[in-house]
Each structure stands twice: as C-alpha cells, then as structure tokens.
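Novice: Handing you a structure now.
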Amino acid sequence: MFKKLIGASLALVLGASASTAFAAKTYTLRLAETWPPNFPIFGDTTKNLAKLVKEMSDGRLRIKIDSKNKHKAPLGIFDMVRAGQYDMGHSASYYWKGKDPNTLYFTTMPFGMAAPEQYAWFYYGGGMDLMKKVYDKYGVLSFPGGNTGNQMGGWFRKEIKSLDDLKGLKMRIPGFAGEVLAKLGAKPTNIPAGELYTALERNTIDALEWVGPSLDLRMGFHKIAPYYYTGWHEPATELQFLVNKKKFDKLPKDLQSILVTAMKAVSYDMYAQSYHESAVNWEKIKTEYPNIKIRTFPKEVLNAMYKANEDLLAQRAAKDPLAKEIIDSQKVYLRKVRAWTNISDKAYLNSVGDKME
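The working numbering numbers the first residue of the sequence shown as 261 and each following residue consecutively.
Have a look at this one:
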C-alpha cells in the first residue's frame, strides 16, 4: 500500500513537472523587415509587435527582429519567409508583383479605398479570404501590417503642368501606380527607403513618392525636389506581416491567437501614429518650410491616370480569373462603402471643415 502511494505521488509530481515544463516552453520567431534599423513608424510597428506578444504570452512567445542592414535584402522578404529562412516578415504586398501580380492588390490601389474603407473590406468584405487565396500556394500567411493613410503624390524637381511632363520621367513609384505611369510614358522604378535620397540627389530619378508628411520631411527630399503633390495612387497603403505557415502551425493554439491579435492591434496603432505624425509635420511644412510648393495634378493628368488605371485593371481581369475576383470584390465594395463615406465623413467635412480653419 505504501509503495502504491509513493508511486502515485511520484506520478503526480512528474506529471506536474512535465506540465510546468510544457507551460514554460518558449518559442522565438525571427522577423525580417524591409526597413533600416530604428526606422520611424514602420520600425515602431515591428518593435510594438515584439513587445506585445511577449507581454500577452508571459514570455512564451518572442520575436527577434532583423532590419535590412542585417539580412541585406530589403525587397527579398517574401522569398526569405517563403523559404523558411525567416519565420516572419514586415514589408508591403505590392513589392512582390514580379513574383505574383495578384499580390499588389492588398497594399492599395490607385483611386481606391481610403484606410477605414479598406480595413472594412479586409475584415468584413472578403479581403482576408482573397489574400489567403493568393498566398496559400506559397506556404505563407499574410496579415495587414499597418496603414500609412492617404499618401502624397510625390516630390518632383519640376512642376507637372501637362501629360507631356510625364513623358520619360524617371520616378520611384511601386505597385500598380507605377504601371499606370508607365502607360502614360513615365519610367517607374522601385528603390528601397534607405537609397531614395541618394538616387534623387544623383539624378538617378527625377521624382519619387515615399509616404507623406509623417515620414517625408526627415528624408530631406524637399531640398532637391520642391514640388510636393497631393495623392491619387495610394489612398490607403497597408503594410504586411508575412508568416511562414509551417512555423505558424507549430505554435500552440493560444500563441497563434496571441500573434494574430497582436498583429491586428499594432497595425491599427500604426495608422493612428501615421495620422498623428502627418498632422504634426504638415503644420511644420506651413510654418518652417515655405519653399515647399504644394500642388495638385492638373485635371487632364488625373483623368488620364484614371483611364489608364481602368484599362489596366480590365486587361488583368480578362487574363486572370483570380485577379478578376479580387478586382471585382474591391470595386463592388468600394461602391457600397463610399456611399456611406460620402454621406458621413465627406458631408461632415464639407459642411463644417471651413469653420475649423
């Protein structure tokens, strides 16, 4: 009887020890980001994610961040996560259009949805399911990774007065907007953030778009290209968290939920931070940088951009059933949600906005 009690007690102790050991097991995910070390706002988002998952999991889940200076491939995040070289990535989906054209729709589209509209589409309008369709075949999960809000149309050395001014223009502009400008005679290219100022300074490019007041002023573009245009091409630029699916599936269910919840939380926080920083820096433009010339593209140019955009979308939809499904989904949802935006936010701003100036 005594031996049985000892055996039972030992089993309980061993069981408790095993349970404690299991509960204490930690998981570390390695994340590669497109951005330089300590890059504001974008880099804050990955740091916030690492901090939040550690706190929410009581230290069981940790994220180690490698910036572009470490991995040396700022536009190679997709390949590194897909191959398992990194467990996660933080970048932008439209950077991978050369690998799969259908990835670009999940960052932003010219003349498309504003940030609240796009978030509604992702989470309640079928956007997440469509993004899953695109990324599933690569063994990668994709999640919204933080929104910049409406981006400015770019910095130009010379004023754009007509369509002729776009002919031969060398401009850093990624995504679908680059294809639109190419159709109008420009020469778009994509350059990582850390190389933008040098490219502009050395005349490698004539113009560039980056983000907006939240990030542009500290980059110094205005010292070379004083014409700053309002936006048309990226009304809601959503960054992206990529996660290697095999690595994700190996996490305990509670840690999977913590990771997904944390990504959602820090993504919206980035939108709020971007909006705040843009407001602060817009005020600086008006008071501290009088040489910056704010412009809006002429109606002739905007109309041509819109038509080129529609033509390119129709061509893509005709060639690829999945592209058609995504394009149709965004168009249908935009019509629905914009009707509400117009009667709510737009009507409010039109009626009382001038009273706040």
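The beta carbon of each residue, even a glycine, is placed where N, CA and C say it ideally should be.
For Gly409, which residues in the same chain have their Cβ closer than 6 Å to its Cβ, ignoring the five residues on either side in sequence?
Specialist: Ala375, Ser534, Tyr535
Novice: Spatial neighbours of Met391 within its chain, please: CB distance less than 6 Å, with the 5 preceding and 5 following residues excluded, ordered by chain position.
Specialist: Phe366, Ser402
Novice: Quick one: is Phe416 buried, meaning 16 or more other Cβ sit within 10 Å of its Cβ, or exposed?
Specialist: buried
Novice: Classify Gly521 as buried or exposed, calling it buried when 16 or more other Cβ atoms lie within 10 Å of its own Cβ.
Specialist: First, the amino acid is wrong: residue 521 is Thr here, not Gly. With fewer than 16 other Cβ atoms within 10 Å, it is exposed.
Novice: Within the chosen definition, does the stretch 439 to 456 reach the stretch 505 to 522 through at least 3 CB pairs nearer than 8 Å?
Specialist: no
Novice: Curious, which full-length beta strand (DSSP E) runs of at least 3 residues does the stretch 396 to 421 contain?
Specialist: 400 to 407, 414 to 416
Novice: Taking contact to mean 3 or more Cβ pairs, one atom from each stretch, closer than 8 Å, check whether the stretch 483 to 500 and the stretch 542 to 559 are in contact.
Specialist: yes
Novice: Take the Cβ of Ile465 as the centre, count every other Cβ of all protein chains shown within 10 Å, and call the residue buried at 16 or more, exposed below.
Specialist: Result: buried.
Novice: Shortest alpha-carbon distance to Asp425 belongs to which of Val597, Phe557, Phe371?
Specialist: Phe557
Novice: Return the CA-CA distance between Phe481 and Leu519, expressed in angstroms with no decimal places.
Specialist: Distance between the alpha carbons of Phe481 and Leu519: 36 Å.
Novice: If you follow the alpha helix (DSSP H) that Tyr535 is in, where does it begin and where does it stop?
Specialist: 513 to 548
Novice: Report yes if the CB atom of Asn362 is closer than 8 Å to the CB atom of Ile586, and no otherwise.
Specialist: yes
Novice: According to DSSP, is Gly303 part of a helix, a strand, or is it coil?
Specialist: helix
Novice: Would DSSP call Asn569 helix, strand or coil?
Specialist: helix
Novice: Measuring CB to CB, does Tyr291 end up less than 8 Å from Lys324?
Specialist: It is worth fixing the name first, because residue 291 is Leu in this sequence and not Tyr. Cβ distance < 8 Å, so Leu291 and Lys324 count as in contact.
Novice: Report buried or exposed for Glu570, applying the criterion of at least 16 other Cβ atoms within 10 angstroms of its Cβ.
Specialist: exposed
Novice: Applying the criterion that 16 or more other CB atoms from any shown protein chain within 10 Å of the CB defines a buried residue, is Lys328 buried or exposed?
Specialist: Classified as buried, Lys328 has 16 or more neighbouring CB atoms from the shown chains inside 10 Å of its CB.
Novice: Taking its Cβ as the centre, do 16 or more other Cβ atoms sit within 10 Å of Lys635, making it buried, or is it exposed?
Specialist: With the chain running from 261 to 617 in the structure shown, residue 635 is simply not present.
Novice: Take the Cβ of Ile603 as the centre, count every other Cβ of all protein chains shown within 10 Å, and call the residue buried at 16 or more, exposed below.
Specialist: exposed
Novice: Let me know the secondary structure DSSP gives Lys483 once reduced to three states.
Specialist: helix
Novice: Could you check where the alpha helix (DSSP H) with Glu494 kicks off and where it finishes?
Specialist: No alpha helix (DSSP H) holds Glu494; DSSP gives it neither H nor E.
Novice: My output table needs one value for Gly385: the three-state DSSP class, helix, strand or coil.
Specialist: In the structure shown, Gly385 sits in coil (DSSP, three-state: anything other than H, G, I, E or B).
Novice: Below 8 Å between beta carbons: does that hold for Met412 and Asp476?
Specialist: Contact flag set, yes.
Novice: With H, G and I counted as helix, E and B as strand and the rest as coil, what does DSSP make of Ile201?
Specialist: A question about residue 201 goes unanswered here, because the residues of the chain that appear run from 261 up to 617.
Novice: Check for me: the alpha helix (DSSP H) holding Glu439 runs from which residue to which?
Specialist: 435 to 443
Novice: Three-state secondary structure (DSSP) at Arg555?
Specialist: strand
Novice: Count the other C-beta atoms from every protein chain shown that fall within 10 angstroms of the C-beta of Lys264, then say buried if there are 16 or more, exposed otherwise.
Specialist: At Lys264, the pLDDT of 46 sits below 50, so the modelled position is not reliable; the number obtained from the coordinates is stated separately. Classification of Lys264: exposed, given that the 10 Å Cβ count is below 16.
Novice: For the alpha helix (DSSP H) that Phe638 lies in, which residues bound it at each end?
Specialist: With the chain running from 261 to 617 in the structure shown, residue 638 is simply not present.
Novice: Which of helix, strand or coil does DSSP assign to Ala292?
Specialist: If DSSP states are grouped into helix, strand and coil, Ala292 belongs with the strands.
Novice: Helix, strand or coil: how does DSSP classify Pro361 here?
Specialist: Reduced to three states, the DSSP call for Pro361 is helix.
Novice: What does DSSP give as the partner residues of Thr449 in its beta bridges?
Specialist: Arg432
Novice: Could you tell me whether the Cβ atoms of Thr286 and Arg320 are closer together than 8 Å?
Specialist: yes
Novice: In the DSSP assignment, the beta strand (DSSP E) including Arg322 goes from what residue to what residue?
Specialist: In the DSSP assignment, Arg322 falls within the unbroken beta strand (DSSP E) covering 321 to 326.
Novice: Tell me the DSSP bridge mates of Gly349?
Specialist: Ala292, Leu502
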